[in-house]
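K.L.:
Please see the structure below; I have some questions.
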Amino acid sequence: MSQQYPALLVIVPLLSAFAISIAGWVNKRLCFPIIVTALSVVVYASIGLLLTVLEKGVVIYHLGGWPPPVGIAYYVDHLNGLVLVVVASVALLNVIAAKKSIEQEFPDKAGPFYTLYILMVTGLLGIVVTGDAFNLYVLLEIAALTGYGLLAMGEERAPLSTLNYLYMGTIGACFYLLGVGYLYIVTGSLNMVDIARLLPPLYQSRAVLAAFIICMVGVWLKMAFFPLHAWLPNAYTHATSAASSLIAPLVTKVMVYVMIRLILTIFTPEFVFATLALKNVVVWLAVIAIVMGAILALAERNLKRMLTFIIVAEVGYMVGGAWLGNRAGMTGAILHIANDALMTLCVFLVVGNIVYKVKGYAFENLQGLFRKMPFTMGAFVVGAMSIIGVPPTCGFFSKWYLILGALQAGHYGFMAALIFSSLVSVVLFFRIFEICYYEPFSDHHGHDHPPEPMDEAPLTMVVPLLIVAVILILVGLYTVDIVNHIIKFAIPEGLV
Amino acid sequence: MNMAELIPALIAKYNYWIYITLMMIGLYAMIAKNNLVKKIVGMNIFQTAIILYYVSIGVKKGATIPISAGGHGAAHEAVHAADYLNPLPHVLMLTAIVVGVATLGVALALCLRIYNRYNTLEEDEILAQIRKK
Amino acid sequence: MKIIGLIITIVTGAFLVYAAADFPAWADPNSPASTYLSPYFIENSMKDTSVPNFVTSLLADYRGFDTMFETTVIFTAGLVCFILLRISGRKEPETSHYRHVLTGVTVTLKEGRKIPASEDFERIDDLWTPPDLIIKTGCRLMIPFIQLFGLYVIAHGHSSPGGGFQGGVILGASIILLAISHDLRTALERMREKVVAILCPVGVAIYAGTGTLCLLLGVNFLDYSALASVLHVDPIAARSHGIFMVEIGVGIAVMTTMIWIYNNISSAGKYNQGL
């Protein structure tokens, strides 16, 4: 059965989606157990697959029994394996924490919501594990459509924000499809490894250059890289907490994975960094993204919206790090995929807990939370330290590699942007700590007012949050192992 | 490249010029129009242009549709690839058409929700209503 | 906004025209796309799967995994329309209109009151028009033949243009024709909401289930040759039958999704009256 792990990763969530959909009409109480079981099997299979890759090298799985390029092949190497484990664990922890919030906000549509949830996870897992360029497009659209459904079920402004996300997301996916079409017309194949084999004689052709740029623009649209980021703050802020804490950590990071896959596997680093002269332009765009993300976050009076601008800045880190063109920068970018997914999950779960108890996320609602919800705020402190970049949390180590890469490439602007955004994050988060620490001002009239009792969120919401906070510290402590055993082999040797 | 070479090259690739024009019409509608449904129509034109591009890749001079001329009984006859159109772009575009229809359905459902809430489909009026709050 | 749109469009268009200089000419039989991979499908489809229609064998066997996810996309679209629009049936609509059949008098009842079903009064919509005998009878006669044609298209996907998607849309269109020519309530009586909503995932599950059956029989996912032991035929015919089974799943999924989306959008989620 262990050779079937790549297929199981995608089939188990897909079949359970149908089971949950039918259970939603027949007996609603079965939905939650089915989804937790399915995601646990996925986590187990993804960890098993990563261990197999560490032992034996690249795992290739032929779907339908047809060898590539005739059929579709799944291709799991160190880069995939790591991202698969991250996606699966984030999805599982989030669904356990989201149960109460779903019951509070829309109890009668819980069945369809869980179905969309697990279909989105299927789409994301499929994007990461596939080795066929067109299969990636189909799964990209599954993740996108389920995302639109999940995000539109929010407050009043949610349908309009989701519609704007739909326009930009569709343009992005169509550009990716067009890029694959250009690759097909000059090579005749759709399999990623096969295209990489057929491309080198064609590096000077204009069609290959166009294919690369069109694919990149499409992927940048979907990951909200500046200046194509306008859809992200609205879409993520107005959604319900269960949906935003699934989509915010995962979708943009999986798109960063797709970009790195395009750079490393399909268009090899020789073409991207040597033949094209775009490196500097993209890194400067990333610098602008980081600075704009940080400044716009400062202007917000609303916790959730501030965090979405931080996501824009983090995407800038990853794109800049990948395009620096050296091993340290690429290592930082890949490590940051995992770290940023965990950090974003941590802070968005905190927002979910706060919304569940206080029913609002503007700064005025946050007063006195350190006393009322100590465990939640403790995890928030760990997440904030990670975003700022304080050791031993994982955020420090990925920033370290990115700065190392910037120094090696001589790109001092990128290094300055990284340090600038850390300083701005200090201001952002300590401002919130100050608001949360002090109680709301109540007139005492001389009477002794007893302090507010502890009113923590329910256990199913707090325990996953604490687990994520602990993982943030553990991943930070084990960074050297992760880099030397996994990430070192994910990057081809040619990249120095 | 002088004119004598340019004109035949332009005419030989006329399918690409058509698809690029359609794509740009669709893209312009999505960016510049104010009405939400017109943007959706532009999105459809954009996706259809890409489908047209793929299908035009698969055409071969003098070939027929990709169904074996002999039918079921012709299992032992040799089949020459040059006689039949390339079936792979057709298969890929079946998927793309379906994805386009699905996105259209979701976009229209969202427009219905927006209309129920704001009573208009013009983007500037909706933004004015939001800012008034 | 229009100027920005114009600039973006012109720049992108110019870039694409620049890139098209390297493309092979229209209908060139020696282009890489026509000579590298696709000759394998054309020459070996009959030998591997005994299906004359190369597009069907490519769609459902060689690249069947893509098609499974395509069917999931259709199911997702129906589900998203449902989750966004459907208002739970607890709240009855405020006013309903009834028409006395013999005299033509319209009765409007407010605050959710209803007349029990009887021969004298019929329920009408807000946008009611007098019933047209030609349209109603014509459509009622055509619908069984449309459905028969839809089943034909699904079954003959192997040897003529057709297949699950095309046949599923025709079948869905037959029920939607009933909803348009009569009214939505008649179509809902014929195919209830719960039946449609449960058949949709069942259709996609037939596809995924066929693949899982192959997985459980020891080969890779969606390798139909394993079905030879279950169906007692040789592996090549087993591939042909496997393709047919998944096409049935696709047809059911597409039909129910078309009906589901139409029901949700035309009644704006309330399911009391249609267009």
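Chains as they are written, first to last, in the numbering used here: chain A, -6 to 489; chain B, -19 to 113; chain C, 6 to 280. Glycine included, every Cβ here is placed at the ideal spot set by N, Cα and C. These numbers come from a predicted model, not from an experiment.
Measure the Cβ-Cβ separation of Pro69 (chain B) and Val39 (chain B) and say whether it is below 7 Å.
P.N.:
The residue you call residue 69 (chain B) lines up with position 89 of the second sequence. The residue you call residue 39 (chain B) lines up with position 59 of the second sequence. Not a contact, by the Cβ cut-off of 7 Å.
K.L.:
Which residues in chain A sit within 9 Å of Lys275 (chain C), going by Cβ to Cβ distance?
P.N.:
Counted from its first residue, the third sequence places residue 275 (chain C) at position 270. Correct list: empty, because the minimum Cβ distance to chain A is about 15 Å.
K.L.:
Once DSSP output is grouped into helix, strand and coil, what is the label at Gly177 (chain C)?
P.N.:
On the third sequence, residue 177 (chain C) is found 172 positions in, with the first residue counted as 1. Three-state DSSP puts Gly177 (chain C) in a helix.
K.L.:
Can you check whether the C-beta of Asp71 (chain C) is within less than 7 Å of a C-beta belonging to chain B?
P.N.:
As a working mapping, residue 71 (chain C) is identified with position 66 in the third sequence. Closer than 7 Å: yes.
K.L.:
With H, G and I counted as helix, E and B as strand and the rest as coil, what does DSSP make of Gly149 (chain A)?
P.N.:
The residue labelled residue 149 (chain A) in the question sits at position 156 within the first sequence. Note that residue 149 (chain A) is Glu in the sequence shown here, rather than Gly. DSSP places Glu149 (chain A) in coil when its eight states are reduced to three.
K.L.:
Does His437 (chain A) come within less than 7 Å of chain C when only Cβ atoms are used?
P.N.:
Looking up residue 437 (chain A) in the first sequence gives position 444. Interpretation of His437 (chain A) is limited by its pLDDT of 49, a score under 50 that renders its predicted location unreliable; the figure taken from the coordinates is listed afterwards. No, no contact with chain C.
K.L.:
Excluding the 5 residues flanking Met260 (chain C) on each side, which residues of the same chain have their C-beta closer than 7 Å to its C-beta?
P.N.:
On the third sequence, position 255 is the one that residue 260 (chain C) refers to. So the list reads Gly173, Leu176, Gly177, once near-sequence residues are dropped.
K.L.:
If you reduce the DSSP assignment to three classes, tell me which class Asn(-5) (chain B) lands in.
P.N.:
Taking the first residue of the second sequence as 1, we reach residue -5 (chain B) at position 15. It is helical.
K.L.:
Inspect the CB distances between the region 200 to 208 of chain C and the region 148 to 160 of chain C and report whether three or more fall short of 8 Å.
P.N.:
No, the region 200 to 208 of chain C does not touch the region 148 to 160 of chain C.
K.L.:
Where do the N-terminal and C-terminal ends of the beta strand (DSSP E) with Thr113 (chain C) fall, by residue?
P.N.:
On the third sequence, residue 113 (chain C) is found 108 positions in, with the first residue counted as 1. Per DSSP, Thr113 (chain C) belongs to the beta strand (DSSP E) from 111 to 114.
K.L.:
For Val417 (chain A), which residues of its own chain have a beta-carbon under 8 Å away from its beta-carbon, when the five flanking residues on both sides are left out?
P.N.:
Your numbering for residue 417 (chain A) matches position 424 in the first sequence. Cβ within range, chain order: Ala287, Ile288, Ala290, Leu291.
K.L.:
Could you pull the start and end residues of the alpha helix (DSSP H) that His187 (chain C) belongs to?
P.N.:
In the third sequence, counting from the first residue as 1, residue 187 (chain C) sits at position 182. Element bounds for His187 (chain C): n/a, residue is neither H nor E.
K.L.:
Using the DSSP secondary-structure output, state which residues sit across from Tyr103 (chain C) in a beta bridge.
P.N.:
Within the third sequence, the letter at position 98 stands for residue 103 (chain C). Note: Tyr103 (chain C) sits in a beta bridge opposite C:Val112, C:Arg128.
K.L.:
Within a Cβ cutoff of 6 Å, which residues of the same chain sit near Ile283 (chain A), ignoring the five residues on either side of it in sequence?
P.N.:
Stepping through the first sequence from its first residue, residue 283 (chain A) is reached at position 290. Cβ within range, chain order: Ala306, Gly309, Ala410, Ser414.
K.L.:
Using a Cβ cut-off of 7 Å (strictly closer), state whether Glu134 (chain A) contacts chain B.
P.N.:
In the first sequence, the residue the question calls residue 134 (chain A) occupies position 141. Answer yes: the Cβ-Cβ gap between Glu134 (chain A) and chain B drops below 7 Å somewhere.
K.L.:
Chain C partners of Val86 (chain B), CB-CB under 9 Å?
P.N.:
Within the second sequence, residue 86 (chain B) is the residue found at index 106, counting from 1. Neighbours of Val86 (chain B) on chain C, chain order: Thr81, Ala82, Val85, Cys86, Leu89.
K.L.:
Quick check on Pro135 (chain C): buried or exposed, where buried means 16 or more other Cβ atoms within 10 Å of its Cβ?
P.N.:
Sequence index remark: in the third sequence, residue 135 (chain C) carries index 130 (1-based). When all chains shown are included, Pro135 (chain C) counts as exposed.
K.L.:
Are there three or more Cβ pairs, one per stretch, closer than 8 Å when the region 9 to 27 of chain A is compared with the region 237 to 249 of chain C?
P.N.:
These segments do not touch.
K.L.:
For Gly117 (chain C), is the classification buried or exposed, using 16 other Cβ atoms within 10 angstroms of its Cβ as the cut-off for buried?
P.N.:
As a first step, residue 117 (chain C) is located in the third sequence; it is residue number 112 there, counting from the start. That one is exposed.
K.L.:
Quick one: which chain C residues come within Cβ less than 8 Å of Thr139 (chain A)?
P.N.:
Here residue 139 (chain A) corresponds to residue number 146 of the first sequence, with the count starting at 1. The contacting residues are Thr81, Val85.
K.L.:
Mind listing the chain C neighbours of Ala200 (chain A)? Cutoff is C-beta to C-beta under 9 Å, in chain order.
P.N.:
Taking the first residue of the first sequence as position 1, residue 200 (chain A) is located at position 207. In chain order: Ala24, Ala25, Ala26, Asp27, Phe28.
K.L.:
Considering only residues of the same chain and omitting the five flanking positions on each side of Tyr33 (chain B), which have a CB-CB separation below 7 Å?
P.N.:
For the purposes of this step, residue 33 (chain B) is taken as the residue at position 53 of the second sequence. Around Tyr33 (chain B): Tyr(-1).
K.L.:
Report yes or no: is there a C-beta of chain A within less than 7 Å of the C-beta of Ile77 (chain B)?
P.N.:
Taking the second sequence and counting its residues from 1, one reaches residue 77 (chain B) at position 97. So no, Ile77 (chain B) is outside the interface.
K.L.:
Please determine, among B:Met23, B:Ile30, B:Gly80, the residue with the shortest C-alpha to C-alpha distance to Leu21 (chain C).
P.N.:
Working through the third sequence from its first residue, we reach residue 21 (chain C) at position 16. When each option's Cα is compared against that of Leu21 (chain C), the closest is B:Ile30.
K.L.:
Is there a Cβ of chain A sitting closer than 7 Å to that of Gln109 (chain B), yes or no?
P.N.:
Mapped onto the second sequence, residue 109 (chain B) falls at position 129. No, Gln109 (chain B) lies away from the interface with chain A (no Cβ there is under 7 Å from its Cβ).
K.L.:
Would you report the Cα separation of Leu193 (chain C) and Gly41 (chain A), rounded to the nearest angstrom?
P.N.:
Reading the third sequence from its first residue, position 188 is the one you call residue 193 (chain C). Reading the first sequence from its first residue, position 48 is the one you call residue 41 (chain A). Their backbone Cα atoms lie some 48 Å apart in a straight line.
K.L.:
Taking 7 Å as the threshold (C-beta atoms), are Cys387 (chain A) and Gly469 (chain A) in contact?
P.N.:
Position 476 of the first sequence, counting from 1, holds the residue named residue 469 (chain A). Position 394 of the first sequence, counting from 1, holds the residue named residue 387 (chain A). In contact: Gly469 (chain A) and Cys387 (chain A) (Cβ atoms closer than 7 Å).
K.L.:
Can you tell me the Cβ-Cβ gap for Gly85 (chain B) and Ile266 (chain C), rounded? I've got them flagged as a contact below 8 Å.
P.N.:
Against the second sequence, residue 85 (chain B) aligns to sequence position 105. Against the third sequence, residue 266 (chain C) aligns to sequence position 261. Yes, they are in contact, since the Cβ atoms of Gly85 (chain B) and Ile266 (chain C) sit about 5 Å apart, within 8 Å.
K.L.:
For Ala19 (chain C) versus Ala203 (chain A), is the C-beta distance shorter than 7 Å?
P.N.:
Residue mapping note: residue 19 (chain C) aligns to position 14 of the third sequence, counting from 1. Residue mapping note: residue 203 (chain A) aligns to position 210 of the first sequence, counting from 1. It is not a contact, given that the beta carbons lie outside the stated cut-off.
K.L.:
Excluding five sequence neighbours on each side, which residues of the same chain lie with their C-beta closer than 7 Å to the C-beta of His437 (chain A)?
P.N.:
Here residue 437 (chain A) refers to the residue found at position 444 of the first sequence. Any reading at His437 (chain A) must be qualified, since the residue scores a pLDDT of 49, below 50, and its modelled position is unreliable; the value itself is stated next. Contacts found: none.
K.L.:
Please return the same chain residues whose Cβ sits closer than 8 Å to the Cβ of Pro485 (chain A), not counting the five positions on each side in sequence.
P.N.:
As a working mapping, residue 485 (chain A) is identified with position 492 in the first sequence. Correct list, in chain order: Leu257, Thr261, Pro262.
K.L.:
Write down the C-beta distance between Phe373 (chain A) and Val340 (chain A) rounded to the nearest angstrom, noting that I regard them as a contact closer than 8 Å.
P.N.:
Indexing the first sequence from 1 puts residue 373 (chain A) at position 380. Indexing the first sequence from 1 puts residue 340 (chain A) at position 347. So it is a contact: roughly 7 Å between Cβ atoms.
K.L.:
Give me the chain B residues within the contact set of Glu149 (chain A), using Cβ-Cβ distance strictly less than 7 Å, ordered along the chain.
P.N.:
Within the first sequence, numbered from 1, the residue matching residue 149 (chain A) stands at position 156. Arg97, listed in chain order.
K.L.:
Under the three-state reduction of DSSP, which class applies to Val69 (chain A): helix, strand or coil?
P.N.:
For this step, residue 69 (chain A) is matched to residue 76 along the first sequence. Here Val69 (chain A) sits in strand by DSSP.
K.L.:
Measure the Cβ-Cβ separation of Ala493 (chain A) and Val5 (chain A) and say whether it is below 7 Å.
P.N.:
Outside the shown range of chain A, which is -6 to 489, sits residue 493 (chain A), and nothing can be said about it.
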